[in-house]
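Numbering-wise, the numbering used here puts 53 at position 48 of the sequence shown, and it's gapless, one number per residue. Have a look at the structure below before the remarks.
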Amino acid sequence: MCFLMGTDALFEIYVFGKYSDIMSDHDAWEVFSPYLLLVDEDFIHYTYINDDGEVMESQVS
6 MCFLMGTDAL FEIYVFGKYS DIMSDHDAWE VFSPYLLLVD EDFIHYTYIN DDGEVMESQV
66 S
């Protein structure tokens, strides 16, 4: 993962977080941010989680 986007509180929690840890901790981080955008290091693939907890991933082939 290259970076995540959300509130400042998320950066305090997941300074060096693993992708799988962040994805599995939705109940914990949704308190701080209603959304989360994770962008892979290739800047093409991404994962977005909206305020309903729905996960959307890029469909780049």
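Here a beta-carbon is modelled for each residue, glycine too, at the ideal position from N, C-alpha and C.
Handout entry: Beta-carbon proximity of tyrosine 51 to leucine 43, cut-off 8 angstroms
Key = Here residue 51 is taken as the residue at index 46 of the sequence shown, counted from 1. Here residue 43 is taken as the residue at index 38 of the sequence shown, counted from 1. Contact: yes.
Practice task
State the beta-bridge partners of glutamate 62 as determined by DSSP.
Solution key: To locate residue 62, count along the sequence shown from 1; it is residue 57. Answer is Thr52.
Problem - Beta-carbon spacing of valine 65, isoleucine 54 below 8 angstroms - result: Working through the sequence shown from its first residue, we reach residue 65 at position 60. Working through the sequence shown from its first residue, we reach residue 54 at position 49. The answer is no: Cβ separation not under 8 angstroms.
Handout entry: Distance, aspartate 47 Cα to aspartate 26 Cα
Key = For the purposes of this step, residue 26 is identified with residue 21 of the sequence shown, where counting begins at 1. For the purposes of this step, residue 47 is identified with residue 42 of the sequence shown, where counting begins at 1. One C-alpha to the other measures close to 20 angstroms.
Practice task
Identify, in the order they occur along the chain, each residue of the same chain with its Cβ nearer than 7 angstroms to the Cβ of cysteine 7, setting aside the five sequence neighbours on each side.
Solution key: To locate residue 7, count along the sequence shown from 1; it is residue 2. With a pLDDT of only 43 at cysteine 7, under the threshold of 50, the placement of this residue in the model should not be trusted; the figure read from the coordinates follows. Once the five neighbours on either side are set aside, the close Cβ partners of cysteine 7 are Val44, Asp45, Glu46 and Phe48.
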